[in-house]
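Residue numbers (our numbering): 26 to 168.
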């Protein structure tokens, strides 16, 4: 199942952005992964917000806030086209949550981590990508 983690300096998001960004990022990830919009799959799209204390994030140049988004999906879940779309929409979502413009896009890094098949477990069992695909097909309203 997909997981997304946004790491940001504390105070870098707007109040409204802080309230909404986790669910928005989870929805972006599910959409690009092609998962059904069912309650089961939505509940499995875990989203974390990690806020760093003041002074914990810097570059060699400045102290302007940067944003790191780490996405974990089963290997094979995202084609190159889907990865590109995910990175683009995730970047826009983070920029919006921080009240920034597209000119600040280089301040958002998105790392897509593909978990090798057979190395992800949930509910006490190993979950394979093929199992997820079969489950999704069974839950899709358009299947």
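Where is the CB? At the ideal position from N, CA and C, for every residue including glycine.
Supposed close pair residue i, residue j - CB separation, criterion 8 Å
i           : j           : result
residue 96  : residue 138 : 7 Å
residue 123 : residue 92  : 7 Å
residue 31  : residue 158 : Residue 31 to residue 158, Cβ: 27 Å. No contact.
residue 146 : residue 153 : Not confirmed; about 10 Å, so no contact.
Proximity of residue i and residue j at Cβ, strictly below 7 Å
i           : j           : result
residue 20  : residue 98  : With the chain covering only 26 through 168, there is no way to say anything about residue 20.
residue 60  : residue 161 : yes
residue 115 : residue 53  : yes
residue 34  : residue 77  : yes
residue 72  : residue 47  : yes
residue 70  : residue 55  : yes
Residue i - DSSP class collapsed to helix/strand/coil
i           : result
residue 150 : strand
residue 167 : Since pLDDT at residue 167 reaches only 46, below the 50 mark, its modelled position is unreliable, and no value is offered.
residue 158 : helix
residue 57  : helix
residue 38  : coil
residue 111 : helix
Spatial distance of residue i from residue j (CA atoms)
i           : j           : result
residue 102 : residue 58  : 6 Å
residue 86  : residue 131 : 14 Å
residue 82  : residue 88  : 7 Å
residue 117 : residue 28  : 18 Å
residue 44  : residue 36  : 12 Å
residue 62  : residue 38  : 27 Å
residue 133 : residue 108 : 15 Å
residue 140 : residue 65  : 20 Å
residue 156 : residue 79  : 43 Å
residue 84  : residue 49  : 27 Å
residue 106 : residue 148 : 31 Å
residue 104 : residue 68  : 23 Å
residue 110 : residue 128 : 18 Å
residue 163 : residue 121 : 35 Å
Worksheet item: What alpha helix (DSSP H) runs, 4 residues minimum, are completely inside the stretch 78 to 138?
Response: For the stretch 78 to 138, whole alpha helix (DSSP H) runs of length 4 or above, ordered along the chain, are 105 to 122.
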